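All letters in the sequence shown, in the order written, are residues 0 to 237 by numbering that gives the first Met the number 0. Presented below is the structure to which this report refers.
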Amino acid sequence: MLGQIVAASVLILFGIQIEWLNNPFGGYFYLDYLSIPITIFWVVSFTNVVNLMDGLDGLAAGVSAIASVTIILVALQEGYYTVAVMTAALAGGIIGFIRYNFNPATIFMGDTGSMFIGYILAAISILGAVKSATTIALIVPAIALGLPIMDTAFAIIRRHLNGKPIFKPDKGHFHHRLLAMGLTQRQAVMLMYLISAGLGLSAILLTEIDGIYAVLLVSVIIACVCFCAKKIGILNDR
Numbered sequence: 000m001l002g003q004i005v006a007a008s009v010l011i012l013f014g015i016q017i018e019w020l021n022n023p024f025g026g027y028f029y030l031d032y033l034s035i036p037i038t039i040f041w042v043v044s045f046t047n048v049v050n051l052m053d054g055l056d057g058l059a060a061g062v063s064a065i066a067s068v069t070i071i072l073v074a075l076q077e078g079y080y081t082v083a084v085m086t087a088a089l090a091g092g093i094i095g096f097i098r099y100n101f102n103p104a105t106i107f108m109g110d111t112g113s114m115f116i117g118y119i120l121a122a123i124s125i126l127g128a129v130k131s132a133t134t135i136a137l138i139v140p141a142i143a144l145g146l147p148i149m150d151t152a153f154a155i156i157r158r159h160l161n162g163k164p165i166f167k168p169d170k171g172h173f174h175h176r177l178l179a180m181g182l183t184q185r186q187a188v189m190l191m192y193l194i195s196a197g198l199g200l201s202a203i204l205l206t207e208i209d210g211i212y213a214v215l216l217v218s219v220i221i222a223c224v225c226f227c228a229k230k231i232g233i234l235n236d237r
């Protein structure tokens, strides 16, 4: 964790940090002294959610690739070509890696690989926010990576409710639940790819709407994820 904080601090030293957010109903929220802790929290969170998703062959790589493609499309649409090129480089590396990481995997990314991907995606999303000064630049990658983010959130809640340390591994993640339902590794991974693609399309749609409609779309996405999570017993300690 300390190393991740140091890595996040490097971005801040080079001026890559979240300094303001726009209000969907008009105006801006200037973060002032909250800018540094929020930036560190954002980077550390992204770094870890991708790492925690790396539970099945090809899962973290595929979900990250889908998120990267989503960011590329939005960046091109908004004219942020530097962000698009940087993300394309990351996506190209991930897609080439999936060939050897998909079940049955012959190469594994490990903690270093998954954390690197999460860190770069976090940095790219902040860079997009710096260029556009808008919350959308942060929300798009957050929705595109909505599956691992929500999975991590549910894991923390589940462990807290069951009186277990939040950093203690368990078998309650989304992919574990899908395997318990009888899906094979490949089927579970492909289903999660499909969900991630749906979230990616939702993130792109979000850039075309604003105000109350944007808030409504995000609320519907969260509600759907929570409903599905409850159906598969994501909070159950079993």
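Where a beta carbon is used, it is the ideal one built from N, C-alpha and C, also for glycine. Here the structure is a predicted model, which is why all the values come from computation and not from measurement.
Ordered along the chain, which non-local residues of its own chain (more than five positions away) have a Cβ less than 7 Å from that of Leu-126? Ile-15 and Val-82
Using CA atoms only, rank isn't needed, just tell me which of Thr-38, Gly-171 and Gly-61 is closest to Val-49. Gly-61
Alpha carbon to alpha carbon, what distance is there between Met-52 and Leu-58? 7 Å
8 Å contact criterion, which Ala-228 and Phe-153 should meet: CB distance rounded: Their Cβ separation, rounded to whole angstroms, is 6 Å, which keeps Ala-228 and Phe-153 in contact under 8 Å.
Would Gln-184 be called buried (16 or more neighbouring beta carbons within 10 Å of its own) or exposed? A buried status is given to Gln-184, since no fewer than 16 other beta-carbon atoms sit within 10 Å of its beta-carbon.
Near Ala-66, which residues of its chain fall below 8 Å by C-beta distance, leaving aside the five closest residues on each side in sequence? Leu-120, Pro-140, Ala-143, Leu-144, Ser-195 and Gly-199
Go through its chain and collect everything with a Cβ distance to Val-5's Cβ below 7 Å, but skip five positions before and after it. none
Could you compute how far the alpha carbon of Ala-104 sits from the alpha carbon of Ile-233? 26 Å
Return the residue from the list Phe-96, Asn-102 and Ser-124 that minimises the CA-CA distance to Gly-112. Phe-96
Beta-carbon contacts of Val-219 that lie in its chain and below 6 Å, excluding the five residues immediately before and after: none
Among residues of its own chain, excluding the 5 on either side of Ala-90, which ones have a beta-carbon nearer than 8 Å to its beta-carbon? By the criterion of a C-beta distance shorter than 8 Å, Ala-90 is surrounded in its chain by Ala-64, Ser-67, Val-68 and Ile-71, once the five residues flanking it on both sides are discounted.
CA-CA distance, Phe-13 and Thr-38? 13 Å
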